[in-house]
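These notes concern the structure reproduced below.
Numbering (UniProt numbering), first residue to last: 1 to 221.
This is the structure we're talking about:
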């Protein structure tokens, strides 16, 4: 699965491009804290089966937070705008964006996916498939497949449907396996699993260094 380092690196790439003139150390700290927050549900897994990739990885958080943040930042008595001005508004939106796309959506496409609609429904989904243009088949996509049930004749839609949170376990350092194992437990804290993850980590580090050289961070911040 994408490691916390990969999530952070992708968040840095997005922050460099989206924060604009509000880019500084404090903004980066806020963005990194937000993008790493979903990992807290790893610890919740000790008391709730299948909590990892469920409690803080649900897309419903972003669905609910988006209109609430819009309302909060556009109303006359906005707390964010009143206390931190346009800077606070920009950082808040960038934070929501990196939470959704640098963490949750990235995990959606790996291993068992995420519990997309929890707590409204309890079902994991994985964003997995292909999208290509073929000289013989034309436009082909397999992310969402529609077939017909031979018995009922009704359409069946498969969008990477998996198991429930109780049926699904995603290995993590806190819980490498769903059941306790005898003897020493091999807890691995991944940095990059696969070439593409290492590429993202290095690219994020390069972007951060390049931005630092182009526009030095204010010492007063």
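Where is the CB? At the ideal position from N, CA and C, for every residue including glycine.
Report buried or exposed for residue i, applying the criterion of at least 16 other Cβ atoms within 10 angstroms of its Cβ.
i          : result
residue 2  : buried
residue 76 : exposed
residue 16 : buried
residue 63 : exposed
When you compare the CB positions of residue i and residue j, do they come within less than 8 Å of one another, or not?
i           : j           : result
residue 23  : residue 211 : yes
residue 11  : residue 35  : yes
residue 176 : residue 187 : yes
residue 96  : residue 65  : yes
residue 160 : residue 131 : no
residue 101 : residue 168 : no
residue 72  : residue 79  : yes
Could you check whether the Cβ of residue i sits closer than 7 Å to any heavy atom belonging to the ligand ZN?
i          : result
residue 91 : This structure does not include the ligand ZN; it has no bound ligands of any sort.
Looking only at its chain, what residues have a beta carbon closer than 7 Å to the beta carbon of residue i, apart from the 5 residues adjacent to it on each side?
i           : result
residue 39  : 4
residue 139 : 133
residue 107 : 1, 2, 53, 57, 114
Whole angstroms is fine: what's the gap from residue i's alpha carbon to residue j's?
i           : j           : result
residue 33  : residue 134 : 43 Å
residue 148 : residue 157 : 9 Å
residue 221 : residue 31  : Unreliable positioning characterises residue 221 in this predicted model, as indicated by a pLDDT of 44, which lies under 50. A coordinate reading is not provided.
residue 189 : residue 68  : 35 Å
residue 153 : residue 166 : 31 Å
residue 104 : residue 51  : 14 Å
residue 122 : residue 164 : 5 Å
residue 7   : residue 137 : 36 Å
residue 198 : residue 37  : 22 Å
residue 172 : residue 82  : 40 Å
residue 151 : residue 144 : 21 Å
residue 59  : residue 45  : 19 Å
Looking at the unbroken alpha helix (DSSP H) that takes in residue i, where does it start and where does it end?
i           : result
residue 70  : 60-74
residue 41  : 41-44
residue 36  : 25-36
residue 77  : Here residue 77 belongs to no alpha helix (DSSP H), and DSSP marks it neither H nor E.
residue 158 : It is not in any alpha helix (DSSP H) - residue 158 instead sits in the beta strand (DSSP E) that spans 155-158.
residue 183 : Taken as a continuous stretch (DSSP letters only), residue 183 belongs to no alpha helix (DSSP H), as it is neither H nor E.
residue 4   : 4-18
Considering only residues of the same chain and omitting the five flanking positions on each side of residue i, which have a CB-CB separation below 6 Å?
i           : result
residue 90  : 22
residue 27  : 19, 91
residue 202 : none
residue 9   : 200, 201, 204
residue 192 : 198, 201
Between which two residues does the beta strand (DSSP E) holding residue i run?
i           : result
residue 145 : 145-148
residue 141 : 138-141
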